[in-house]
Every structure is written in structure tokens, then in C-alpha cells.
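**Student:**
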Amino acid sequence: MSDEHEHKLEAKSDYTADASSVGASDIDAVPEAELPDQDLYHSHSWWTTYVFSQDAKYIGIQYALTAIGTGLLGLVLSWLMRIQLAFPGLGLLEPAAYYQFVTMHGMIMVIYLLTALFLGGFGNLLIPLMCGSRDMAFPYVNMLSYWAFVVAVLVLLASFFVPGGPTGAGWTLYPPQAITAGTPGSNMGIILMLISLILFVAGFTMGGLNYIITVLQLRARGMTLMRMPLTIWGIFTATVLALLAFPALLVGCLMMTLDSMLGTSFFMPAMVSMGEKLSYDGGSPILFQHLFWFFGHPEVYIVALPAFGIVSDLLSVHARKNIFGYRMMVWAIVGIGALSFFVWAHHMYVSGMNPWFGFFFATTTLIIAVPTALKVYNWIITLWRANIQLTLPMLFSLAFIVTFLNGGLTGLFLGNVTVDVPLSDTYFVVAHFHMVMGIAPILVVFGAIYHWYPLITGRMLNETLGKIHFWVTFVGSYAIYFPMHYQGFVGVPRRYFEIYESPYIETSTLVLNQFITIAALIVGAAQLVFLYNIITSARLGKKSEKNPWKANSLEWHTPQMPPEHGNWGKETPKVYRWAYDYSVPGAKEDYIPQNVPPSEVIGAKVEKT
Amino acid sequence: MDQSSIEKLPKGWKSIPNDLGSDQTAFKGVQWGKAMMWIFLLSDTFIFSCFLISYMKGRASTVVEWPNPSEVFALDFMGVPVPLLLIAIMTFVLITSSGTMALAVKYGYEKNKKMCGWFILLTAIGGLTFVGMQAFEWSKLIHEGVRPWENPFGAPQFGSFFFMITGFHGTHVSIGVIFLFIFARKVFKGDFDTGKRGYFTTMKSDYVAIEILGLYWHFVDLVWVFIFAFFYLW
């Protein structure tokens, strides 16, 4: 870049505090406090401290551990499925068990792991800390939210132990098959699944209201919406989506519960089962698909938006550079969130809709690619000529960009009706959604855990184990999912519990299935390394300094680290800037935390926010 | 934020970017609980919309003819079947209870303990009457052979949707009634004047809670208007 050009850029966007013209008190002015200090709940017994805790940080950790515990079950189920697929001759799984595992794996990973971990876990931990508040707005309701989630998980797990086992209807739970004899778990299993989902929605609503009100009404002095870290924007928008999308799931679950238990026919057409006409008549299975996907598509973004937000922060901190196009990033998050309510029927191209609907939903789906691509460009431009630190969070963030781009591109294939129809229900779809909403968000989860672990425990995670974990997970995921794209192209259908050599199946498929399974087992084993790292580092890890990554956002600037109950000691922080003042020309350090007043960084050419 | 500084803020459309661009709070001077109730009601609106849209879809695509609501919901009055008689009274009672609730909120902010308490009680009694009449209507239909899974007058989905949607709404009303009774007791005991801490939440009581409960109550009444229009008048 020429000198002249550089000079122009400076002149346009920079805001330099000038000590000579104004007094320090003027340039450091922040609006008066609008609210009295928060009336905090203080625990007074072992039960209210460690079990029914009302401290958002603690609830966040409870949420995260429960979600990860449930996710481990989902991981084990995927191993068993993969072994069955690669070596059908072993006869490891009965057909019923395979379908039950597919269903439970999907539901656990999407709802009970990712949704709960991003919103319940990271949301609770980070929202009050990053917004500069002492706690969530309604700590009691927050506690109820967590325990409703625990009950939901227990009901879900209970379905493994009832007669008939858990439901095997696929995670989409489509009626009529979900509650018709012949599908595994069509009696007790499906009912427990539906009840569990209803409990989850109820619990999530309580938590979600907390997150929204805390972000809107409980920020620190000087913390405007456009100074919030993108993590908060991601979690906040995802919560709004959840509060508007989960109602459709709730209604669908309620109606199917009635169909199953009372014999109503909301979703059930007239049917003949085992030679006998069932008592159902006149219902509409397509109605359930609409309700489910009106929830199901925003759900994709409920998982993706927090990941977008978190990864933006990780990239900025570990590349020591401000995020490129902060405002654009915010509006992209909000825009993706809004658009996600208008695309649901692209999951139903083969359900027999009017072709014009396919046209409409393909168009809206492709429009979403615009703000999404914009985000990817901005992440890459953030890295452009940055001081990139190849720390673990950075590695995971880089892996996220590549993986998300990959999954997004296959999304363009599937979003077009004409391309989707032949690819529908093949492994191409499996590969697509695992890349885009499985691997990509989970890579961000890992990056985020490596990043914020010191904030929770005061210790660093082991770097070597982390590198092993990263490389095996990253390379391994591609070994698993790249071949699946090919399998999809040659027409291998998903949800078949055994695939033998036959005139309809390419021989290469069988070899690839074994290759994928071995890769999956190795990647699974790498997660055990990660767990070992998390458990042992909590006690034995290297002590972390106070702000180990030299980050700007408020959570690293509490008086104690890990932060205490009430977070901020005597006074909540005052915020003077956005969270992205890294490598600012004219500043002594390469970062200026959000709570550093302008008078302390005279001469730094900071962005005006 | 106190009242005088709120009054100094810009008014009308200009206030929206101004408030959203400010720090600390996006809704100036709005208590957390009140903002939470509004957002919860938005979410609840989606639930009821899903129910009503499902009902429309079910009604539009059913294979058996839909029964005529003015016959099914008629009530014999002195030997003459009057269509929608009971529903009209129910609706009147529920809408009236919205009025008494509004008065309770007004007296609450005036710290008029006695009037506030009585109007809350009156509202609760209105809600209870509504639920009672709904129970009567349910039992009448059940006597006539309508069940969630069957219906002698036509499409079985009529019974399914009727019991599910009115049941879900009735649950909302019942929950509201329970809270109204609890609040009436709290008002008469003077908890809102002394700022007594809640048994569960340990947060201080404040008269704004009555307005928050009022928001919920008005919402439940409004939803009823839609159910009334779509189920009984269509």
C-alpha cells in the first residue's frame, strides 16, 4: 500500500484523543448509570451454591457439562453405526437398533449438545461477563431453565430403557411412521422423545428470555449494542430465533403426542397396517413437516450464529487485528437470522409440494448465501496481513472457515430443486449437513473451550495434547466426510442399515465405508484425548496469567480471575470502545481493552465506536 | 432511569434509533420483568399462531365435512336453540375481566391497596367464571358424543382441534387465575408497599408486577378473540 493511500485511510476513519484541547475528564465521559446496582442473590447453603446455583457462570458450566456428557453418548452411538455400516457381516446391530441410534444420535447432537452448549453453556457464561453485568436479569428463572434441561435429558435417556426402546423414526420424527407399528419405539419411545422435547422448549424459553433481557437491558455504562463483541450478537440473535422457532416444534410435538396417546388424527391419514385399517383418518402428514421445518431450519442457524460470533472474536484476538467490517458482520448475523424463517420448505422438495413453492424456497435459500458469504470474506480479510498467532483457538477457527465454506458450497447444490431431487436422501446430504452444522460449529466449540478455559479454571489446557486433538479432528473429519460426498454422487442412499455388494452399489462404496469407519473411530479417540486434557488440566494445568490471550473484551478484565460471584467487585466496568482495538497505531500495547479510558491511550488512532 | 430524564429523550420514530444506539438499556425506563413479559408473549403468539394455522390447514384438508359451528355450539334457551349463546357470554366475561385488570393496574400504581386488591379479585373471579363455563361447554359436547378422536357431527378433526386449542387456552387462563389469587393476597398483605422479598425468587416485590401480570391477562383475552373468530364464527 502506498503511503498516500495509507494516509487517506487514517484521515477517514481514525479518531485520536487530543490531550491538549480537552481535559481528561471530558474525553473519558460515559453516560450516567440508568439503573441501581443489581440486587444479587447470594447462596447460603451447599445446595444453593453447587446444585441449584443461581450464578450464571456456574449455570453455564452446568449446562456445558450436561450437554457434553449427553454428546458423548451421541458420539458412541455414531461409532456403533459406523461399525455396522463398514462391517455388516459382523451383525453388530439389529436393523431396529440402527434406526434408533440414527435417531438418537441426530437429536442428541443437534438439540441436547449444540443448542444447549452454545446458548445454555456459552450464553450463560459469556453474556453477563461480556456485557459487563453482574449476573443474568432473572437468576432464579435461569436456575429453573437448567434443571428443566436436566429433566429433559433424563426423559430422553429413559427412552433407552422402556419396552420397545427409543424411537427409530429419524431425527425428523415424521408421522405417520413415527407412531405406527413397525417403526422401532413407536409406543413408549416416541412419547418420551416428544415429552423430552417439550420440556427442553419450556426450559429453553426460560433461559432465552434471560439472555435477551440481559443483552437488551443490563449492559454496562458505555456498552452500546454496536460495541458488543460479535459473540454476544451471535448468541443474542440465535436466542431470538429460538424463541420464535421452538413454538412450532412445541406445537408439532404436542399434536403428535395427542395422535399417539389419544388417537386424534392431526397428522395421520387413513392407513392400513398389518392388514387392518387403523382408526386414524383424514390427517395431514405434510402439516407436521411444515411445523417441524419451520423450527428445523432456524435451528440450523441457532447452532451456526453463535459459532459465527465466537469465531469472529477468536480470529480477531488471535490475529491481533480488528474484525473486518464489524457493522457488516452484525447486520449479516441479523439478516441471516431473519431470512432463516423463509426457507424451511427447502427440506421438503421431495415431499410433493407445488413446484412454485420449490421455486420460491430455492430463491430465498440462495439469498441467504449472500450475507453468509459476506461473513466468510470478512473473516478472510481480517486475517489479511494480520499478526496471526497459531494458537489452538486460531487453528480451530481457521479449520472452521474452511469447513464452513465447504459445507456452504454443497448447500448451494442442495438448495436448488433440480440438483436436490437426485441428491436427496443420499450420503451427499449427510456429508453436507455434518460439514456445515456438525463439524464446523463443533470446531468453534473446541476453539472456544481452548480460549475460555483459563477464564473458568484459571489454568491453561495442555498445548501438545491440544495440537494432537486438533490435527486428528481436523484431518479426520475430512477423511470421514469427503468420501461421503462421492458416495452420495454414486447414489448410496442414507438410512440403510447394511450395504452389501450388489448391482446397485459401486464396489468402491464398500471400501470407502470401511475407510470412513476407521477414520471415525480415530477421530472419536481424539476426543478422549481432549476430555483427558480438560479433566487433568483443571488441577494440573499450567497456571494462567490474568489475561492470557491479551484480549480486549470485558470478561478478561474482572478483578479476580476466575471471576467471583457478582463478577465485578465493587463497581461494574465502564466501556469506552469496541472490543476490537488490536494493533492500534500509536498505542503502546497491541491491544486496548474495552474499559481503558481514552485519557490513558492518548495518541492512539482508535476506531470511533 | 428516572421519569424526568426519560421525558427529555426524543419522542416518536426518532426515539427508536436513539434508544437502540444508547448504552445500558434498549428500552428506557422499562423494568426487566416487563420487557421479559413482552418478549415471552411474542413467543407465545407464535405458539397460538401455529395452533390456529394448523387448525386452518386441518379444516381445509379434511375428507369429511366440517360441522356447522352455530349448530354445534347452540344452547337451548327456553326451548329455542340460540347459536353461540354460551360463547357470547364467555367472551363478554373474559373481555370485561380485561377491563377490571386495567383498573387494578391503575390503582396499583396509585398505591391504593384496597381497590387494587378488589379489582384483582374481580378479575380472578371473571377468569374463573370463564374456565367454569368452558368446563360446562366441554362436558356438554362430551355428552353429545364429541371426543378428541371422533365427532358425530362430521370431521373427527373438529373434536381434536377444539379440545386441544381451547384446552391450551384454558390452561393459560387457569395459570393466570392462580397468579391473580396469589397477587390479590400479596396486595392485601401489603407486600408491594413494603417491598417484601419473594419466597422463591428472593427479589423485592413491586407494583410493576401487577402490570406485568396484566399484560399476560390482556394477551390471553386477545388470543381468545382470535380463537373465537376462527373457531366459532368461521
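For the protein sequence lines, the chains are R and D, in the order given.
Each residue of the first sequence is one higher than the one before, counting from 197 in our numbering.
Each residue of the second sequence is one higher than the one before, counting from 169 in our numbering.
Virtual Cβ for every residue (Gly too), placed ideally from N, Cα, C.
Have a look at G782(R) and S211(D) and give me their C-alpha separation to the nearest angstrom.
**Tutor:** For the purposes of this step, residue 782(R) is taken as residue 586 along the first sequence, with counting starting at 1. For the purposes of this step, residue 211(D) is taken as residue 43 along the second sequence, with counting starting at 1. In a straight line, the C-alpha of G782(R) is about 48 Å away from that of S211(D).
**Student:** Taking C-alpha atoms, which residue in Y772(R), I652(R) and A675(R) lies nearest to H761(R)?
**Tutor:** Position 565 of the first sequence holds residue 761(R). Cα-wise, what sits closest to H761(R) is I652(R).
**Student:** Using 8 Å for Cβ pairs, my map puts V337(R) next to N406(R). What's the rounded Cβ distance?
**Tutor:** As a first step, residue 337(R) must be located in the first sequence, where it is residue number 141. As a first step, residue 406(R) must be located in the first sequence, where it is residue number 210. Indeed, because the Cβ distance is near 6 Å, the residues count as touching under 8 Å.
**Student:** For W367(R), does the count of other Cβ atoms within 10 angstroms reach 16, so buried, or fall short, so exposed?
**Tutor:** Walking along the first sequence from the start, residue 367(R) turns up at place 171. Label assigned to W367(R): buried.
**Student:** Once you ignore the five residues that flank L390(R) on each side, which residues in its own chain have a CB closer than 7 Å to its CB?
**Tutor:** What you label residue 390(R) is simply residue 194 of the first sequence in a count that begins at 1. Answer for L390(R): C449, M452 and T453, listed in chain order.
**Student:** Taking 8 Å as the limit between beta carbons, can you name the residues of its chain near T370(D), skipping five residues before and five after?
**Tutor:** Taking the first residue of the second sequence as 1, we reach residue 370(D) at position 202. Excluding residues within five positions, none has a Cβ falling inside 8 Å.
**Student:** Is it right to say V617(R) is buried, meaning 16 or more other beta carbons lie within 10 angstroms of its own, or is it exposed?
**Tutor:** Counted from its first residue, the first sequence places residue 617(R) at position 421. Per the 10 Å Cβ criterion, exposed.
**Student:** With 8 Å set as the bound, which would you pick, yes or no: does the beta-carbon of V247(R) sit closer than that to a beta-carbon of chain D?
**Tutor:** Position 51 of the first sequence holds residue 247(R). It does not; no Cβ of chain D falls within 8 Å.
**Student:** Quick check: what's the CA-CA separation for A747(R) versus V376(D)?
**Tutor:** Counting from one through the first sequence, the residue named residue 747(R) turns up at place 551. Counting from one through the second sequence, the residue named residue 376(D) turns up at place 208. One C-alpha to the other measures close to 40 Å.
**Student:** I'd like to check one pair, T433(R) with L501(R): are the Cβ atoms closer than 8 Å?
**Tutor:** What you label residue 501(R) is simply residue 305 of the first sequence in a count that begins at 1. What you label residue 433(R) is simply residue 237 of the first sequence in a count that begins at 1. Yes, the pair counts as a contact, with Cβ atoms nearer than the cut-off.
**Student:** So who's on the other strand from F368(D), going by DSSP bridges?
**Tutor:** Counted from its first residue, the second sequence places residue 368(D) at position 200. Beta-bridge pairing links F368(D) to no other residue.
**Student:** With DSSP as the reference, please indicate the residues paired to F245(D) in a beta bridge.
**Tutor:** On the second sequence, residue 245(D) is found 77 positions in, with the first residue counted as 1. In the DSSP secondary-structure assignment, F245(D) is bridged to V248(D).
**Student:** Taking a contact to mean a Cβ-Cβ separation below 8 Å, would you say I264(R) touches I431(R) in this structure?
**Tutor:** For the purposes of this step, residue 264(R) is taken as the residue at position 68 of the first sequence. For the purposes of this step, residue 431(R) is taken as the residue at position 235 of the first sequence. In this structure, I431(R) does not lie closer than 8 Å to I264(R) by Cβ.
**Student:** Using the Cβ count rule (16 or more neighbours within 10 Å means buried), how would you classify Y728(R)?
**Tutor:** One-based indexing of the first sequence puts residue 728(R) at position 532. So Y728(R) counts as exposed.
**Student:** Could you tell me whether any Cβ in chain D is nearer than 8 Å to the Cβ of M464(R)?
**Tutor:** Your numbering for residue 464(R) matches position 268 in the first sequence. The beta carbon of M464(R) sits no closer than 8 Å to any beta carbon of chain D.
**Student:** For M332(D), go through chain R and note every residue whose CB falls closer than 9 Å to its CB, in chain order.
**Tutor:** Start at 1 with the first residue of the second sequence, and residue 332(D) comes out as number 164. Correct list: L450, M451, L454, T460 and F462.
**Student:** Please classify Y778(R): does DSSP put it in a helix, a strand, or coil?
**Tutor:** Counting from one through the first sequence, the residue named residue 778(R) turns up at place 582. Strand, per DSSP.
**Student:** Would you decide whether P699(R) is buried or exposed? Buried here means 16 or more other CB atoms lie within 10 Å of its CB.
**Tutor:** Taking the first sequence and counting its residues from 1, one reaches residue 699(R) at position 503. So P699(R) counts as exposed.
**Student:** Quick check: N763(R) and L325(R), are their CB atoms within less than 8 Å of each other?
**Tutor:** On the first sequence, residue 763(R) is found 567 positions in, with the first residue counted as 1. On the first sequence, residue 325(R) is found 129 positions in, with the first residue counted as 1. Yes, Cβ-Cβ distance for N763(R) and L325(R) is below 8 Å.
**Student:** If you pair each beta-carbon of the stretch 262-282 of chain D with each one of the stretch 349-359 of chain D, do three or more pairs fall below 8 Å?
**Tutor:** yes
**Student:** Would you call the stretch 507-524 of chain R and the stretch 455-471 of chain R in contact, with 3 or more CB pairs under 8 Å?
**Tutor:** The stretch 507-524 of chain R makes no contact with the stretch 455-471 of chain R, as fewer than three CB pairs between them are under 8 Å.
**Student:** How would you call I174(D), buried or exposed, if buried means at least 16 neighbouring beta carbons within 10 angstroms?
**Tutor:** Here residue 174(D) refers to the residue found at position 6 of the second sequence. It is exposed - the Cβ of I174(D) has fewer than 16 other Cβ atoms within 10 Å.
**Student:** Under the DSSP definition of a beta bridge, which residues are partnered with V617(R)?
**Tutor:** Taking the first sequence and counting its residues from 1, the one referred to as residue 617(R) is at position 421. BP columns for V617(R) are empty, so no partner.
**Student:** Work out the CA separation of A203(D) and T614(R) for me, nearest whole Å.
**Tutor:** Residue mapping note: residue 614(R) aligns to position 418 of the first sequence, counting from 1. Residue mapping note: residue 203(D) aligns to position 35 of the second sequence, counting from 1. Those two C-alpha atoms are separated by around 46 Å.
**Student:** Kindly indicate which three-state DSSP category P789(R) falls into: helix, strand or coil?
**Tutor:** Working through the first sequence from its first residue, we reach residue 789(R) at position 593. Reduced to three states, the DSSP call for P789(R) is coil.
**Student:** What residues of chain R sit near D191(D), judged by a beta carbon separation below 9 Å?
**Tutor:** For the purposes of this step, residue 191(D) is identified with residue 23 of the second sequence, where counting begins at 1. By Cβ distance, chain R contributes V226, P227, E230, R415, A416, R417, G418, M419, T420, L421, R423 and V771.
**Student:** Smallest Cα separation from V499(R): which of T299(R), M300(R), I664(R) and V640(R)?
**Tutor:** By one-based count along the first sequence, residue 499(R) stands at place 303. Considering only alpha carbons, the answer is V640(R).
**Student:** Rounding to the nearest angstrom, what Cα-Cα distance links A444(R) and L487(R) in this structure?
**Tutor:** Residue 444(R) sits at position 248 when you count from the first residue of the first sequence. Residue 487(R) sits at position 291 when you count from the first residue of the first sequence. Using only the alpha carbons, I get a separation of about 5 Å.
**Student:** Just reading off the beta strand (DSSP E) that V688(R) is part of, what are its end residues?
**Tutor:** As a working mapping, residue 688(R) is identified with position 492 in the first sequence. Counting along the chain, no beta strand (DSSP E) covers V688(R), and no H or E run does either.
**Student:** Which residues, in chain order, does the stretch 315-332 of chain D contribute to contact with chain R at a C-beta distance below 9 Å?
**Tutor:** R315, P316, W317, E318, A323, P324, Q325, G327, S328, F329, F331 and M332
**Student:** Since K372(D) meets chain R, which of its residues come closer than 8 Å, beta carbon to beta carbon?
**Tutor:** Indexing the second sequence from 1 puts residue 372(D) at position 204. D235, listed in chain order.
**Student:** Between the Cα of V625(R) and the Cα atoms of I730(R), S461(R), M525(R) and G684(R), which residue gives the shortest distance?
**Tutor:** In the first sequence, the residue the question calls residue 625(R) occupies position 429. Nearest option by C-alpha distance: G684(R).
**Student:** Does I701(R) come out as helix, strand or coil in the three-state DSSP assignment?
**Tutor:** Locating residue 701(R) in the first sequence gives position 505, where the first residue counts as 1. Taken through DSSP and simplified to helix, strand or coil, I701(R) comes out as strand.
**Student:** Which residues does DSSP list as the beta-bridge partners of D191(D)?
**Tutor:** Taking the second sequence and counting its residues from 1, one reaches residue 191(D) at position 23. In the DSSP output, where bridge partners are listed per residue, D191(D) has T420(R).
**Student:** Tell me, to the nearest whole angstrom, how far the beta carbon of Q234(R) is from that of T193(D); I am working on the premise that it is less than 8 Å.
**Tutor:** Along the first sequence, one-based indexing puts residue 234(R) at 38. Along the second sequence, one-based indexing puts residue 193(D) at 25. 13 Å between Cβ atoms; not a contact.
**Student:** Out of P371(R), F283(R) and I307(R), point me to the one whose CA is closest to F186(R)'s CA.
**Tutor:** Here chain R has residues from 197 to 805 only, and residue 186(R) is not among them.
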